[in-house]
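Residue numbers 800 to 1782, in our numbering, belong to the letters of the sequence shown in order. Notes for the one structure printed next.
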Amino acid sequence: MPDEYSTGSLVKARGREWMVLPQSKPDLLVLRPLGGSDDDIAAVFPAFEKVDQARFAPPEPGDLGNQLAAGLLRTALRVGFRSGAGPFRSLAGIAVDPRAYQLVPLLMALRQKTVRMLISDDVGIGKTIEAGLVASELLAQGEATGLAVLCSPALAEQWQQELRTKFGIDAELVLSSTVSRLERGLDLGQSLFDKYPHVIVSTDFIKSPRHRDDFVRHCPDLVIVDEAHTCVAADDTSSNSQNQLRYELLRRVAEDATRHLVLVTATPHSGKESAFRNLLGLVKPELASVSLDSESGRRQLAQHFVARKRADVRQYLTKEDGLSDDSLAERTAFPSDRYFKDETYKLSPEYRALLDDAIAYASERVEEAGGQGKREARIAWWSAIALLRSLVSSPRAAAKTLRTRSAAAVAASAEEADKLGAPLTSDAADNDTMEGMDLAPGAEITEDDPRSRLGELADRAAKLEGPTKDLKLKALVKHLKALLADGHNPIVFCRYIPTAEYLAEQLENDKESGKRGPLGAKTVVKAVTGTLSPQQRIERIEALAEEAGEDAAARRVLIATDCLSEGVNLQHHFDAVVHYDLAWNPTRHDQREGRVDRYGQRKDQVRVITIYGDDNGIDGKVLEVLIKKHRQIKKDLGISVSVPDELSTGVTDAIVEWLLMRGREGQQDTLFGSEALDAATNKVESDWNSAAEREKKSRSLFAQRSIHPEEVAREVTSIREALGGTGEITTFVRESLEALGAVLRGTGEEFTAQVGGTPIGLQDALAPAIGAEVIDKDRPIPFRTDPAVARGEAALVRTDPVVGALAAHVLNAALDKNVLGARPARRCGVVTTDAVGTMTTLLLVRYRFHLTLPSRNGDRQIVAEDARLLAFEGSAKNAVWLTPEQAAELLDATASVSTDPHFGERTMTRVLTQLPAAYDHLGVYGEELAAELDASHRRVRAASGEIVRGLSVTAQKPADVLGVYVYLPTTPAAPATAPGVSA
800 MPDEYSTGSL VKARGREWMV LPQSKPDLLV LRPLGGSDDD IAAVFPAFEK VDQARFAPPE
860 PGDLGNQLAA GLLRTALRVG FRSGAGPFRS LAGIAVDPRA YQLVPLLMAL RQKTVRMLIS
920 DDVGIGKTIE AGLVASELLA QGEATGLAVL CSPALAEQWQ QELRTKFGID AELVLSSTVS
980 RLERGLDLGQ SLFDKYPHVI VSTDFIKSPR HRDDFVRHCP DLVIVDEAHT CVAADDTSSN
1040 SQNQLRYELL RRVAEDATRH LVLVTATPHS GKESAFRNLL GLVKPELASV SLDSESGRRQ
1100 LAQHFVARKR ADVRQYLTKE DGLSDDSLAE RTAFPSDRYF KDETYKLSPE YRALLDDAIA
1160 YASERVEEAG GQGKREARIA WWSAIALLRS LVSSPRAAAK TLRTRSAAAV AASAEEADKL
1220 GAPLTSDAAD NDTMEGMDLA PGAEITEDDP RSRLGELADR AAKLEGPTKD LKLKALVKHL
1280 KALLADGHNP IVFCRYIPTA EYLAEQLEND KESGKRGPLG AKTVVKAVTG TLSPQQRIER
1340 IEALAEEAGE DAAARRVLIA TDCLSEGVNL QHHFDAVVHY DLAWNPTRHD QREGRVDRYG
1400 QRKDQVRVIT IYGDDNGIDG KVLEVLIKKH RQIKKDLGIS VSVPDELSTG VTDAIVEWLL
1460 MRGREGQQDT LFGSEALDAA TNKVESDWNS AAEREKKSRS LFAQRSIHPE EVAREVTSIR
1520 EALGGTGEIT TFVRESLEAL GAVLRGTGEE FTAQVGGTPI GLQDALAPAI GAEVIDKDRP
1580 IPFRTDPAVA RGEAALVRTD PVVGALAAHV LNAALDKNVL GARPARRCGV VTTDAVGTMT
1640 TLLLVRYRFH LTLPSRNGDR QIVAEDARLL AFEGSAKNAV WLTPEQAAEL LDATASVSTD
1700 PHFGERTMTR VLTQLPAAYD HLGVYGEELA AELDASHRRV RAASGEIVRG LSVTAQKPAD
1760 VLGVYVYLPT TPAAPATAPG VSA
């Protein structure tokens, strides 16, 4: 390749300047435009298109900016960097600003030749972000060439959106509903997983032997497993269970010792030690049997396992973490606590009579079936539970269940009856998926059921709809009104679809009929259930938020089934949870509450109201034995401890058994009179306490200790030096928008901006980032300090799309003086100020570095950029160079008087003429930066010697001087003009 086309050199083609990238060949140049991003990369054939060598042009002395010009240009330049020169290749190019604690799993991963991680941070801390950081970095470094995310189908679209919008990874969905379409586009003999390098796969679709073998043969070299605890089985689990099938899939995936594997779960320990050991064995086979009571065993595990509570990261990088000061302290705004309130209701006389008659009917059927055989007994049992649960839920759910055939009725054996009946009537924490689990379960058993009796019960249930006879609904209205009056936007969780639809009908305002709901004219109510696809659920929620609008008096109420209890993040729109139906496993309550109680929730306290009936024979004991016990353990430990499903089921089975016995024999004993219930309660209490103690011990034993906070602090400092911090971005956005003619409101850290008066070029750039409607209607754009922003808002972080579009406009306007409209940043300026005692020149210099990064897939040649400030006193020939800290302080210098433009232009012309005398120093400084970068790369990868062999970093010469700014002391020698002339 000719010297003028060498990697990192500048060329001119197609009327603009470009940088030559490492992928170039002598007859084909791969180019990235100066000031452009990877999206603007182009290929040019020198034989057919004119390509000239180019040098970065010096600033024009007449194009002077004011005192803000240098800072704005530096930030605009740094925001535009999409591949940093430091050891974290991907951080400059992702659209998320990770918290410092979220870098810990990434640092752990980069110390492993083959990444094997178990990320078990608490709910809401950001495990998806942590896994995404690891994935994007491995892909950026070439350590991985493809990615597969294994998750439940309900979460697949959310994973796809997170990877695309936050990490720039386009992944194809491989689900039962998409696989036929994808396979039609394959070549003969081609695998789906060869054609699409990045995929998001339904675990339940791919676990079947028919699909599993193809996936294992063609599996990408990087796999993330979401909710990994559902993919392992205890040693006593049957071989055909769903968990066992998933485990077999993952075991075969993990067998390839060169495959990167990241397991993600908030509950690694389900209470069964063998299941936990099997999970660790997927990470590293030896961890399945290592002694975790020994220091060496815990040290071995700590290299691969990170598990932190919110309290561990709420305040991070402080003196309490062993740092010398709090200069890097990061405080993450999690809600401080959940406020629990249990509210009771009593059945109306009509509802009481219906429930008693239904219990009597169910008792008769169970007793009769008991004499017919085991299969019939199990079918009758599940039908009885379905009937009782639906009656306690709502009149609508009861009527639907009474008129629907039981799923278990078609079973050929007792075992099949259990398999069919349990998912629809229990709330097992390890159910395969929540999809389809919110259907009314059905109570009819045989075709010759006494339909007149069932029909009569269904008709009676239907007549109980409305707050007059359904006192549970009446209680809900009362508590919702109180929440709304206090400024909350609640989610109401139900067990069944008919109940959710019933509540929405009772509560919503109907514009067509003019019906006004009981919650007020400005309260928007919508229901989301399993009748909608995962994507339609998100769209329904967004429509609810949009309909409520920005009116401070408007309120949102979402009625949902447990199809939203996992994975979907709702903290931006809702801040309270109402459990309308009690789940029979407390883990489900925790999952529901976790949808709003997570990072990004603006309320300091999440309200949780649990509505229960104190006279229906079920709710009170479920609440007492399971729900309250779960809350207390979480309060004591700071984390959730799951109760094993069989223990939870044992309690609820005992409750139902006692109810049916009372219905048969007319007993009026208290609930505690049941010996079976007492035994079940005592067992769950004992085993749960033991599990809590084990969890408490394990959290202390396995606390993240492989990465010390000092190591994180060092890398955070390096990242902020290269990419800038939050304060710099806030200042940049405010000053740029004001200079461009935007209308800003708000004097604090957060503000809004209307951009209707800004240059049309900026509006065009912002429209894709914030929405065309926002720009067209000149709606205020809220700018938030919290990176977790809602739709239609912008985060004051460098990776936010709105900030990126603004920075690109400011940079392009600075480099091209022919751009129409205001130009906030300029490449040069002369400022008269009290901040200096002698003439001082500040240089904004762009360095380009050639990096050779070894990986297991071969060496990668990369060109990366960095922007630095250098300053000297006096003339360039006799320069007295300042420290980087002193140079940065000049950005805060303010003009004491206005500088005459003609005097400023003459001064700048003289400085630019003498500037070549400083180039040697710029070259030496570039070499020092290259050495620092080399050391940083080696430090991050220190644990694996093979990863750093052959690593090198060299600086491209000459460096580009983007900006030159002269600061003059306030003296009578500088001719002054009236204020208002350019400074």
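Idealized CB from N, CA, C, for every residue including glycine. Values in this document were obtained by computation on a predicted structure and should not be read as measured data.
In whole angstroms, what separates the C-alpha of residue 1028 from that of residue 1050? Start at 1 with the first residue of the sequence shown, and residue 1028 comes out as number 229. Start at 1 with the first residue of the sequence shown, and residue 1050 comes out as number 251. Rounded to whole angstroms, residue 1028 to residue 1050 spans 13 Å at the Cα level.
How big is the Cα-Cα spacing for residue 1165 and residue 1153? Counting from one through the sequence shown, the residue named residue 1165 turns up at place 366. Counting from one through the sequence shown, the residue named residue 1153 turns up at place 354. Each residue's CA atom was taken as its position, placing residue 1165 and residue 1153 some 18 Å apart.
What are the start and end residues of each continuous beta strand (DSSP E) run of 3 or more residues lying completely inside the stretch 1329-1409, in chain order? Counting whole runs of 3 or more residues, the stretch 1329-1409 contains the beta strand (DSSP E) stretches 1354-1359, 1375-1378.
Can you tell me whether DSSP reads residue 1071 as helix, strand or coil? Position 272 of the sequence shown, counted from the first residue, corresponds to residue 1071. Correct three-state label for residue 1071: coil.
Between which residues of its own chain and residue 1779 is the CB-CB distance below 6 Å, once the five residues before and five after are set aside? Along the sequence shown, one-based indexing puts residue 1779 at 980. Low confidence applies here, because residue 1779 scores a pLDDT of 39, under 50, leaving its location unreliable; read the following figure in that light. Cβ neighbours of residue 1779 beyond the five flanking positions: none.
Taking 7 Å as the cut-off, decide whether the C-beta atoms of residue 1104 and residue 917 are in contact. In the sequence shown, counting from the first residue as 1, residue 1104 sits at position 305. In the sequence shown, counting from the first residue as 1, residue 917 sits at position 118. Closer than 7 Å, so yes.
Do residue 1399 and residue 922 have their C-beta atoms within less than 7 Å of each other? Within the sequence shown, numbered from 1, the residue matching residue 1399 stands at position 600. Within the sequence shown, numbered from 1, the residue matching residue 922 stands at position 123. No.
Provide the residue(s) that pair with residue 1661 in DSSP beta bridges, ordered along the chain. In the sequence shown, the residue the question calls residue 1661 occupies position 862. Bridge partners of residue 1661: 1650.
Which of the three DSSP states is assigned to residue 1293 in this structure? Locating residue 1293 in the sequence shown gives position 494, where the first residue counts as 1. It is coil, neither helix nor strand.
Residue 1466 versus residue 1391: straight-line alpha-carbon distance, rounded: Numbered from its first residue, the sequence shown carries residue 1466 at position 667. Numbered from its first residue, the sequence shown carries residue 1391 at position 592. Low local confidence applies: a pLDDT of 48 at residue 1466 is under 50, so the model's placement there is unreliable, with the coordinate-based value given in what follows. If you take the alpha carbons of residue 1466 and residue 1391, they lie about 36 Å apart.
Three-state secondary structure (DSSP) at residue 959? Numbered from 1 along the sequence shown, position 160 holds the residue referred to as residue 959. Secondary structure of residue 959 (DSSP, three-state): helix.
Take residue 1471 and list the residues in its own chain whose beta-carbon comes closer than 8 Å to its own, dropping the five residues that flank it on each side. For the purposes of this step, residue 1471 is taken as the residue at position 672 of the sequence shown. With a pLDDT of 42 at residue 1471, under the threshold of 50, the predicted position of this residue should be treated as unreliable, though the coordinate-derived value follows. These residues qualify, in order along the chain: 1477.
CB residue 1664 to CB residue 880, shorter than 7 Å? Within the sequence shown, residue 1664 is the residue found at index 865, counting from 1. Within the sequence shown, residue 880 is the residue found at index 81, counting from 1. Closer than 7 Å, so yes.
Alpha carbons only, please: which of 1599, 1654, 831, 1733 is nearest the one belonging to residue 914? As a working note, residue 914 is residue 115 in the sequence shown. Comparing Cα positions, the closest option is 1654.
Please identify the residue among 1176, 1645, 932, 1127 whose C-alpha is closest to the C-alpha of residue 1063. Start at 1 with the first residue of the sequence shown, and residue 1063 comes out as number 264. Measuring from the Cα of residue 1063, the nearest candidate turns out to be 932.
Can you name the residues that DSSP bridges to residue 1104? Taking the sequence shown and counting its residues from 1, one reaches residue 1104 at position 305. Residue 1104 pairs with 917.
Delimiting residues of the beta strand (DSSP E) encompassing residue 1144: Within the sequence shown, numbered from 1, the residue matching residue 1144 stands at position 345. Bounds of the beta strand (DSSP E) holding residue 1144 are 1136-1144.
Reference residue 1149, options 1377, 828, 1258, 1129, closest by Cα: Reading the sequence shown from its first residue, position 350 is the one you call residue 1149. It is 1258.
Measure from the alpha carbon of residue 997 to the alpha carbon of each residue in 1527, 945, 1648, then state which is nearest. Taking the first residue of the sequence shown as 1, we reach residue 997 at position 198. Between residue 997 and the set 1527, 945, 1648, the nearest pair of CA atoms involves 945.
Count the other CB atoms, across all protein chains shown, that sit within 10 Å of the CB of residue 1517; report buried if there are 16 or more and exposed otherwise. Taking the sequence shown and counting its residues from 1, the one referred to as residue 1517 is at position 718. It is buried - the Cβ of residue 1517 has at least 16 other Cβ atoms within 10 Å.
Kindly indicate which residue of 1368, 826, 830 has the alpha-carbon position closest to the one of residue 820. Here the question's residue 820 lines up with position 21 in the sequence shown. Per the Cα distances, 830.
Residue span of the alpha helix (DSSP H) that contains residue 1276, given as start and end: Position 477 of the sequence shown, counted from the first residue, corresponds to residue 1276. Where residue 1276 is concerned, the enclosing alpha helix (DSSP H) stretches over 1270-1284.
Taking the continuous beta strand (DSSP E) assigned at residue 1628, which residues delimit it? As a first step, residue 1628 is located in the sequence shown; it is residue number 829 there, counting from the start. Residues 1627-1632.
Residue 1764 - containing alpha helix (DSSP H), residue span: Here residue 1764 refers to the residue found at position 965 of the sequence shown. Element bounds for residue 1764: not the alpha helix (DSSP H) but the beta strand (DSSP E), 1759-1768.
In this structure, how does DSSP classify residue 1307 when only helix, strand and coil are distinguished? Within the sequence shown, the letter at position 508 stands for residue 1307. Note: residue 1307 maps to coil in three-state DSSP.
Taking the alpha carbon of residue 1015 as the reference point, which residue from 1554, 1052, 995 has its own alpha carbon closest? Sequence index remark: in the sequence shown, residue 1015 carries index 216 (1-based). Closest by alpha carbon: 1052.
Whose C-beta lies closer than 7 Å to the C-beta of residue 963 among residues of the same chain, with five residues either side of it excluded? For the purposes of this step, residue 963 is taken as residue 164 along the sequence shown, with counting starting at 1. Same-chain partners within the cutoff: 969.
Own chain residues within Cβ distance below 7 Å of residue 1046, not counting five before or after: On the sequence shown, residue 1046 is found 247 positions in, with the first residue counted as 1. So the qualifying residues of the chain are 1030, 1031, 1032, 1077.
Beta carbon of residue 1384, beta carbon of residue 1485: below 7 Å? Along the sequence shown, read from residue 1 onward, the residue named residue 1384 stands at position 585. Along the sequence shown, read from residue 1 onward, the residue named residue 1485 stands at position 686. In this structure, residue 1485 does not lie closer than 7 Å to residue 1384 by Cβ.
Kindly confirm or deny that the stretch 1720-1727 and the stretch 889-904 touch, where touching means at least three C-beta pairs closer than 8 Å. no
From 1326, 857, 839, 824, pick the residue whose C-alpha is nearest to that of residue 1625; which is it? In the sequence shown, residue 1625 corresponds to position 826, counting from 1. Closest option to residue 1625, Cα to Cα, is 857.
Close-in-space but distant-in-sequence residues of the same chain around residue 1751 (CB under 6 Å, 5 per side omitted): Here residue 1751 refers to the residue found at position 952 when the sequence shown is read from its first residue. Listed in chain order, the non-local C-beta contacts of residue 1751 below 6 Å within the same chain comprise 1651, local neighbours out to five positions each way being set aside.
Compare the C-alpha of residue 1402 against each of 1381, 971, 1373 and name the closest. The sequence position of residue 1402 within the sequence shown is 603, counting from 1. The shortest C-alpha to C-alpha distance from residue 1402 to any of 1381, 971, 1373 is the one to 1373.
My understanding is that residue 1289 touches residue 1279, with C-beta atoms under 8 Å, so please give their C-beta distance in whole angstroms. The sequence position of residue 1289 within the sequence shown is 490, counting from 1. The sequence position of residue 1279 within the sequence shown is 480, counting from 1. With a Cβ gap of about 6 Å, residue 1289 and residue 1279 count as contacting.
With 7 Å as the threshold, decide whether the Cβ of residue 1557 is near any Cβ in chain C. Checking the listed chains, one finds no chain C in this structure; it contains a single protein chain.
Unbroken beta strand (DSSP E) run spanning residue 1751, endpoints: For the purposes of this step, residue 1751 is taken as residue 952 along the sequence shown, with counting starting at 1. From DSSP, the beta strand (DSSP E) with residue 1751 extends over 1751-1754.
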